[in-house]
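All remarks here apply to the structure that follows.
Number of protein chains: 2
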Amino acid sequence: MRIEIINTGDELLLGFRQNTHQRWLGRRLNDLGYRVSRQVSIPDNGECIEGAVAEALSRADLVIVTGGLGPTSDDLTRERIAGLLGLELRTDANVLKHLDAFFAARNRQTPERVKVQAEVPEGGTVLPNPHGTAPGLALRVEAGRFRDGADSWLIMLPGPPRELYPMFDEQVAPLLGRERPLSSESACRNLRTSGMGESLVEEKLDQPLAELVGRGLGVHFCLSPGGVDVRLACVGASANNMVAEAEQIVRTTLPDHVYGVGDELLEEVVVRTLTEANATLALAESCTGGLVANRITNVSGASLVFLAGLVTYSNEAKQNFLGVHEATLAEHGAVSEETACQMASGALVKTGADYALSITGIAGPTGGTPGKPVGTVYIGLASKSGRPLAMKFLNPYDRETFKLVTSQQALELLRRRLTKDSVKNKKPPA
Amino acid sequence: MRIEIINTGDELLLGFRQNTHQRWLGRRLNDLGYRVSRQVSIPDNGECIEGAVAEALSRADLVIVTGGLGPTSDDLTRERIAGLLGLELRTDANVLKHLDAFFAARNRQTPERVKVQAEVPEGGTVLPNPHGTAPGLALRVEAGRFRDGADSWLIMLPGPPRELYPMFDEQVAPLLGRERPLSSESACRNLRTSGMGESLVEEKLDQPLAELVGRGLGVHFCLSPGGVDVRLACVGASANNMVAEAEQIVRTTLPDHVYGVGDELLEEVVVRTLTEANATLALAESCTGGLVANRITNVSGASLVFLAGLVTYSNEAKQNFLGVHEATLAEHGAVSEETACQMASGALVKTGADYALSITGIAGPTGGTPGKPVGTVYIGLASKSGRPLAMKFLNPYDRETFKLVTSQQALELLRRRLTKDSVKNKKPPA
Chain S
1 MRIEIINTGD ELLLGFRQNT HQRWLGRRLN DLGYRVSRQV SIPDNGECIE
51 GAVAEALSRA DLVIVTGGLG PTSDDLTRER IAGLLGLELR TDANVLKHLD
101 AFFAARNRQT PERVKVQAEV PEGGTVLPNP HGTAPGLALR VEAGRFRDGA
151 DSWLIMLPGP PRELYPMFDE QVAPLLGRER PLSSESACRN LRTSGMGESL
201 VEEKLDQPLA ELVGRGLGVH FCLSPGGVDV RLACVGASAN NMVAEAEQIV
251 RTTLPDHVYG VGDELLEEVV VRTLTEANAT LALAESCTGG LVANRITNVS
301 GASLVFLAGL VTYSNEAKQN FLGVHEATLA EHGAVSEETA CQMASGALVK
351 TGADYALSIT GIAGPTGGTP GKPVGTVYIG LASKSGRPLA MKFLNPYDRE
401 TFKLVTSQQA LELLRRRLTK DSVKNKKPPA
Chain E
1 MRIEIINTGD ELLLGFRQNT HQRWLGRRLN DLGYRVSRQV SIPDNGECIE
51 GAVAEALSRA DLVIVTGGLG PTSDDLTRER IAGLLGLELR TDANVLKHLD
101 AFFAARNRQT PERVKVQAEV PEGGTVLPNP HGTAPGLALR VEAGRFRDGA
151 DSWLIMLPGP PRELYPMFDE QVAPLLGRER PLSSESACRN LRTSGMGESL
201 VEEKLDQPLA ELVGRGLGVH FCLSPGGVDV RLACVGASAN NMVAEAEQIV
251 RTTLPDHVYG VGDELLEEVV VRTLTEANAT LALAESCTGG LVANRITNVS
301 GASLVFLAGL VTYSNEAKQN FLGVHEATLA EHGAVSEETA CQMASGALVK
351 TGADYALSIT GIAGPTGGTP GKPVGTVYIG LASKSGRPLA MKFLNPYDRE
401 TFKLVTSQQA LELLRRRLTK DSVKNKKPPA
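Chains S and E, in that order, are what the protein sequence lines are. Numbering follows our numbering, with no gaps: position 291 of the first sequence is 291. Numbering follows our numbering, with no gaps: position 168 of the second sequence is 168.
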């Protein structure tokens, strides 16, 4: 099974946009047990599109083309691929209906040039797009056209990630399963860890997993800010058993560090844990500037557990909104254990939440001192039971990485506390 | 001048790593006036490397291969390319000396298998690597070998970005300037707009730019949440003049919508404009959950203008921290013009800021009503001069897109107000 991906877009070659599709599709296909053999980026140019598609079809069982399905003059994918395959484009009534409904919901008439998105090459399958206007398209290309021996599938997906991602998961993955089922068992599991570096995670797992690796288990480590993903993959008769066994070993070896599976985000785990505990949260952020609140409120259902976030950038705001004492700021500074504790306590009292996290630090690039260099952070945690505490971290990174790593540490501190509290509070069986 | 990039690495195809080289090299070459025609990612496999390089050399004047120059068994680039070109590998004494010095500085003997990095295909030019062990390599491939008519250059660069980036800037860029100087003027300008959809932007610019397009101007539109980039590019004798003329036309046609150039972010423009006006900002966010505060505080120097952000998710928080009246919430609801205005006024008064933005809406997926469907948003703006106002928007997207689009609208509302105020406050010439 040979898969090739073609990403269209001048912006990719000009370096104006990161090619996030390449990574996402590679990852997704790999999770399903498939493997991408080649990826190509080409400009929005008709000849380039035809050339790259013809070349890929001469080799691959599945060719996925992204982008170029929009309504503007440099969106050429649909038209050029239909031309290459000698297929007529016909207006699809259902897609036209979807376009009209899409614009009606926005109190607008469907613009004339958007209607090109309802055109479908004859024999093509429409992949509806509930999140945008351009549908995806799937075509079976008969053996003998570009290569001998077997048919190929050619799938066109719209460029915007929020349209492409669900379309792949909901429509392309099932199509693949039907049309190109895997010939042998395959299993894959991604475990997300927080709080340890890549080489330390690898070191700790090396021996415990050695026997399974000898039997064919694949283990990959992938660094992300504030965490390391451990991917366990296996192909063959007992793939599922081996991956399950490996997961158990990872969880036993790193009991505190594994916070989720798959693509699960730490903020999702935190919101779910708060919801299960029927507990509420308040935030007091300085140097992370609202990033933790933003991450928490990205989770649907956050409004049930999240009361308020105070982004107190100035000292005055720390005093006014959180009741941090002027004397504390004068004596210990805004970036200190004492200020972090008072911020957390203040957020707890002023909002009535069950838990409050606070973050104060020096994001840089300026503002560091010899005693408190750029990257110094205090993370405070207050709850209705017990005294507030604060932990010190040093995150000497660029500004955005600093914020991301710090927010991860804060959420991880809260998650471990919630896990501990929920074990403690669990009622004994009646 | 045709340029192709080949990125090697299993991790790129498995989706374990973002292909940041593609963007970086594309952008860098574009800044120098060159343009990448095609980019390919291939696995760490000898046949794939030979095949992709031969194919690229059959078309391109310059082929850049990244990765696969390390010391491990899956680093095959050097060896396979030498094989493809029929060149012998010879140990280069200077590189060997560099390797020994590199390890000596780390109190280590040069590992035996690292010495493979001192091997250079005969006739090749070494690109020294002050930041790592593997040098880059440059080879001139004679016309007639893979294509007729002209020689090609084949350049191999090491994978780690902190080795590749300086090697490109310090050695590849000068080599290009010497060996493949630009034959004609080239110019490129990216204008960032906000507040209009892609097709509307194109429609408005279509006629005004038609004459320049007829003379060879390239115009591209690139969608981003809450905005559209308009890229103007031209090659030829009067490229700079034509792009400058086109920029003027875009700015005149869309006087309110162009907010920045190049990669500039709206939050950077807002922070800069506030700084120039010596004005301060407070935020009161509900449905965006801290995203606007997060964007503002991503900008270095934000602490000079940003006082505080209140993420008031619950009604109680809106009352406690912003002084929104209980009666307003009861009568008009949390998502209303009245609440938005009171949130903005409250943030202004409680922080003493010069400007305050407020945002209240229904992010969804739940919480909508027939009168106020999911996606309804009110954005309020208060300032020390004049009454607060609020504008209504409808952003019926998934949760994260909703937040991003809404934050863009809020920042854009503030930016236009700041621009207006700064024009108004500008002193007349003495």
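Where is the CB? At the ideal position from N, CA and C, for every residue including glycine.
Taking the CB atoms as reference points, tell me whether residue i and residue j lie closer together than 8 Å.
{"i": "THR133/E", "j": "PHE102/E", "result": "yes"}
{"i": "GLY333/S", "j": "THR339/S", "result": "yes"}
{"i": "GLY216/S", "j": "SER184/S", "result": "no"}
{"i": "ASN30/E", "j": "CYS234/E", "result": "no"}
{"i": "SER194/S", "j": "LEU127/S", "result": "no"}
{"i": "LEU62/E", "j": "GLY68/E", "result": "no"}
{"i": "LEU322/E", "j": "GLN342/E", "result": "yes"}
{"i": "ASN298/S", "j": "ARG2/E", "result": "no"}
{"i": "VAL374/S", "j": "CYS287/S", "result": "no"}
{"i": "ILE81/S", "j": "ALA52/S", "result": "no"}
Name the residue from the options whose alpha carbon lies nearest to the alpha carbon of residue i.
{"i": "GLU337/E", "options": "LEU84/E, SER314/E, GLY361/E and THR351/E", "result": "GLY361/E"}
{"i": "HIS131/E", "options": "PRO158/E, ALA143/E, PHE146/E and PRO121/E", "result": "PRO158/E"}
{"i": "SER385/E", "options": "ALA356/E, GLN22/E and ARG35/E", "result": "ALA356/E"}
{"i": "LEU209/S", "options": "ALA246/S, HIS220/S, LYS115/S and VAL201/S", "result": "ALA246/S"}
{"i": "PRO396/S", "options": "THR91/S, THR366/S, ALA390/S and GLY149/S", "result": "THR366/S"}
{"i": "GLU47/E", "options": "ASP74/E, SER314/E and GLY33/E", "result": "ASP74/E"}
{"i": "GLU4/S", "options": "ARG23/S, VAL201/S and PHE16/S", "result": "ARG23/S"}
{"i": "MET296/S", "options": "THR275/S, SER37/S, PRO121/S and GLU400/S", "result": "Before going further, note that residue 296/S is Ile rather than Met in the sequence given. For ILE296/S, the nearest C-alpha among the options comes from THR275/S."}
{"i": "GLN319/S", "options": "GLY289/E, THR351/E, ASN294/E and PRO181/E", "result": "THR351/E"}
{"i": "GLU268/S", "options": "ASN294/S, THR288/S, GLY289/S and SER286/S", "result": "ASN294/S"}
{"i": "GLY9/E", "options": "THR273/E, GLN171/E and ASN45/E", "result": "ASN45/E"}
{"i": "ALA244/E", "options": "ASP256/E, PRO160/E, VAL228/E and VAL261/E", "result": "VAL261/E"}
CB-CB under 6 Å to residue i, same chain, minus the five flanking residues each way: which ones, in chain order?
{"i": "THR280/S", "result": "VAL305, LEU307, ALA353 and ASP354"}
{"i": "THR72/E", "result": "none"}
{"i": "MET391/E", "result": "ILE379"}
{"i": "ALA302/E", "result": "VAL271 and ILE296"}
{"i": "SER358/S", "result": "ALA284, ALA340, MET343, ALA344 and GLY380"}
If the cut is a Cβ gap below 9 Å, which residues of chain S does residue i touch?
{"i": "ARG80/E", "result": "Simply none; closest approach about 16 Å."}
{"i": "PRO396/E", "result": "ALA105 and ARG106"}
{"i": "GLN18/E", "result": "GLN18, ASN19, THR20, GLN22 and ARG23"}
{"i": "HIS365/E", "result": "Note that residue 365/E corresponds to Pro in the displayed sequence, not to His. Chain S residues near PRO365/E: SER300."}
{"i": "GLU202/E", "result": "PRO71, THR72, SER73 and ARG113"}
Could you list which residues in chain S have their beta carbon closer than 8 Å to that of residue i, in chain order?
{"i": "HIS21/E", "result": "Residues of chain S passing the Cβ test: none, with the nearest at roughly 10 Å."}
{"i": "THR401/E", "result": "ARG162"}
{"i": "ASN190/E", "result": "PHE16"}
Once the 5 residues before and after residue i are set aside, which same chain residues still bring their CB inside 8 Å of it?
{"i": "ARG417/S", "result": "TYR355, LEU381 and SER383"}
{"i": "VAL141/E", "result": "LEU57, LEU85, ASP151, SER152, TRP153 and LEU154"}
{"i": "LEU205/S", "result": "VAL219, VAL230, ILE249, VAL250, THR253 and LEU254"}
{"i": "ASN425/E", "result": "ALA277"}
{"i": "ALA173/S", "result": "ARG28 and LEU32"}
{"i": "GLY149/S", "result": "ALA143"}
Since residue i meets chain S, which of its residues come closer than 7 Å, beta carbon to beta carbon?
{"i": "SER199/E", "result": "PRO71, THR72, PRO111, ARG113 and VAL114"}
{"i": "THR351/E", "result": "ALA317"}
Can you list the residues of chain E that residue i reaches, using a CB-CB cut of under 8 Å?
{"i": "PRO160/S", "result": "LEU223"}
{"i": "PHE321/S", "result": "ALA308, LEU310, PHE321 and LYS350"}
Excluding the 5 residues preceding and the 5 following residue i in the sequence, name in chain order all residues of the same chain whose CB lies nearer than 7 Å to its CB.
{"i": "GLY175/E", "result": "One detail in the question is off: residue 175/E reads as Leu in this sequence, not Gly. Here the set comprises ALA138."}
{"i": "ASN129/E", "result": "PRO135, GLY136, PRO158, GLU163 and MET167"}
{"i": "LEU13/E", "result": "SER41 and PRO43"}
{"i": "LEU414/E", "result": "VAL270, TYR355, LEU357 and LEU381"}
{"i": "GLN18/E", "result": "none"}
Can you list the residues of chain E that residue i reaches, using a CB-CB cut of under 9 Å?
{"i": "ILE42/S", "result": "SER37, ARG38 and GLN39"}
{"i": "GLY15/S", "result": "GLN22, ARG23, TRP24, LEU25, GLY26, ARG27, ARG28, LEU29, ASN30, ASP31 and VAL36"}
Please list, in chain order, the chain C residues whose beta carbon lies closer than 7 Å to that of residue i.
{"i": "GLU11/S", "result": "No chain C appears in the structure shown, which is made up of the protein chains S and E."}
Using a Cβ-Cβ cut-off of less than 8 Å, list which residues of the stretch 114-146 of chain S approach chain E; keep chain order.
Listed by position, the residues of the stretch 114-146 of chain S near chain E (Cβ gap below 8 Å) are VAL114 and HIS131.
Below 7 Å between beta carbons is the criterion; list the residues of the stretch 257-269 of chain E that meet it against any residue of chain S, in chain order.
From the stretch 257-269 of chain E, no residue has a Cβ closer than 7 Å to chain S.
Short-range partners of chain S found in the stretch 298-313 of chain E, where Cβ spacing is below 9 Å
Within the stretch 298-313 of chain E, the residues whose Cβ lies closer than 9 Å to any Cβ of chain S are, in chain order, ASN298, VAL299, SER300, GLY301, ALA302, SER303, PHE306, LEU307, ALA308, GLY309, LEU310, VAL311, THR312 and TYR313.
Going along the stretch 367-399 of chain S in order, which residues come within less than 7 Å of chain E, judged by CB to CB distance?
Against chain E - using a Cβ distance shorter than 7 Å - the residues of the stretch 367-399 of chain S are ARG399.
Going along the stretch 211-244 of chain E in order, which residues come within less than 9 Å of chain S, judged by CB to CB distance?
Look at the stretch 211-244 of chain E: the residues with a C-beta under 9 Å from a C-beta of chain S are GLY218, VAL219, HIS220, PHE221, CYS222, LEU223, SER224, PRO225, ASP229, ARG231 and ALA233.
Contact residues within the stretch 275-295 of chain S, judged by C-beta distance below 7 Å to chain E
Taken in chain order, the members of the stretch 275-295 of chain S whose beta-carbon sits within less than 7 Å of a beta-carbon on chain E are GLY289, GLY290, LEU291, ALA293 and ASN294.
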